[in-house]
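Residue numbers (the numbering used here): 4 to 304.
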C-alpha cells in the first residue's frame with residue numbers, strides 16, 4: 004500500500020468522485036506525550052443536534068480521540084443551544100452543521116442569542132464551517148459574532164498548480180498565542196487545509212491562517228475543476244482573508260475555522276491501491292488543533 008501526502012487531493016476528488024473514496028482513518032493515533040490534563044479536564048461538547056456532517060461517532064472520531072488523549076472530557080451534545088444546555092460545558096465545538104431546510108440557517112435566532120450570551124459570560128466556542136453548503140448554513144451564527152463567511156470554495160496557486168489544499172507558513176501564520184504555543188516545542192510552523200471557505204476577520208480579531216494574495220473563492224467543485232484546466236470562471240478574490248481566526252468576546256473566547264478536515268484524520272483510497280492521508284496526519288495540523296483547545300481553555304494565555 005502506498006501512502007502519500009499530495010497537494011492535489013482536493014482536485015483528485017473533484018476529478019474522479021466516483022473512483023476516490025474518502026473515510027475516517029481508524030489507524031490514527033494521537034501524538035500526545037504529555038497530556039495537558041491528568042484528570043477532570045475541561046468538558047468539550049461536540050454539537051450533534053444540527054444535522055452535523057462531522058460527529059464524534061463519525062468523521063470527527065479522530066478529533067475526539069486527540070482531545071481525550073490530552074485529558075479533555077469529550078461528549079456529544081444533541082440539545083438545542085440554551086443556557087441550560089450549555090451549563091457545565093467549557094468548550095462547545097460546532098462542525099459543519101446543516102439546516103433543516105435547504106438554504107436556511109442551521110440555528111434558530113433563540114439559539115444564536117443564547118450562544119452569544121454564553122460566550123460573553125465566559126464560554127469558549129470553536130465554530131468550524133467548511134466550503135458550500137456549510138458556510139451558508141452557519142453564516143447567521145457567524146455574523147452574530149462579527150464574522151463574514153465566504154460560503155464558497157477557496158483555492159490558490161501553490162507550486163505552480165491551482166489547489167484547494169492550501170498550505171500556511173511564514174507570514175501566512177498570524178501573530179497569536181495559538182501559533183506560539185506554551186513553549187518552543189508547541190510552536191506551529193506549517194498548517195495544511197483541505198478545501199474550505201474564506202472568512203472575514205472581525206474588528207479585534209486575529210487571522211490565524213491568512214489566505215495568499217492570489218486566492219480565489221468559487222461557487223462549486225465544477226468551477227475548481229475548470230480552473231485546473233485553465234478555464235476562466237466567476238470568482239471572488241479572497242487574498243488576505245482568513246481560513247481560521249480567533250478573538251475574545253466579553254469574558255469568552257472564539258475560534259472560527261473555514262475548513263474541517265484539518266481537525267480530523269481521514270484517508271482517501273484511489274484505484275490501484277494507493278491511499279492518501281489527510282488532516283491531523285499532516286505537518287503541524289495536530290499541534291494546531293491542540294493549541295486551539297489549549298487557548299480556548301486558557302492553558303495558553
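All C-beta atoms in this analysis are idealised placements derived from N, C-alpha and C, irrespective of residue type, glycine included.
Reference residue i; option with closest CA among the options
i, options, result
"residue 115", "106, 93, 221 and 89", "89"
"residue 248", "84, 25, 137 and 145", "145"
"residue 31", "69, 54 and 46", "69"
"residue 99", "205, 123 and 50", "50"
"residue 28", "295, 283, 107 and 269", "269"
"residue 209", "46, 265, 260 and 107", "260"
For residue j and residue i, believed in contact at Cβ under 8 Å, the rounded distance
i, j, result
"residue 197", "residue 281", "5 Å"
"residue 191", "residue 214", "Actually they do not touch by this definition, with Cβ atoms about 17 Å apart."
"residue 155", "residue 236", "Wrong, their Cβ atoms sit about 11 Å apart, outside the cutoff."
"residue 127", "residue 94", "5 Å"
"residue 140", "residue 108", "7 Å"
"residue 157", "residue 217", "About 11 Å; that fails the 8 Å criterion."
"residue 129", "residue 96", "5 Å"
For residue i: DSSP bridge partner residues
i, result
"residue 114", "None; residue 114 has no bridge partner."
"residue 156", "221"
"residue 195", "170"
"residue 26", "270"
"residue 164", "161"
"residue 190", "Its beta-bridge partners do not exist; DSSP assigns none."
"residue 79", "49"
Exposed unless 16 or more other CB atoms sit within 10 angstroms - verdict on residue i
i, result
"residue 5", "The predicted model places residue 5 with a pLDDT of 28, which falls under 50 and marks its position as unreliable, so this point remains unresolved."
"residue 301", "exposed"
"residue 243", "exposed"
"residue 65", "buried"
"residue 43", "exposed"
Separation of residue j from residue i, as counted between CA atoms
i, j, result
"residue 41", "residue 293", "15 Å"
"residue 297", "residue 120", "22 Å"
"residue 207", "residue 122", "16 Å"
"residue 73", "residue 35", "6 Å"
"residue 290", "residue 82", "30 Å"
"residue 181", "residue 46", "20 Å"
"residue 152", "residue 186", "32 Å"
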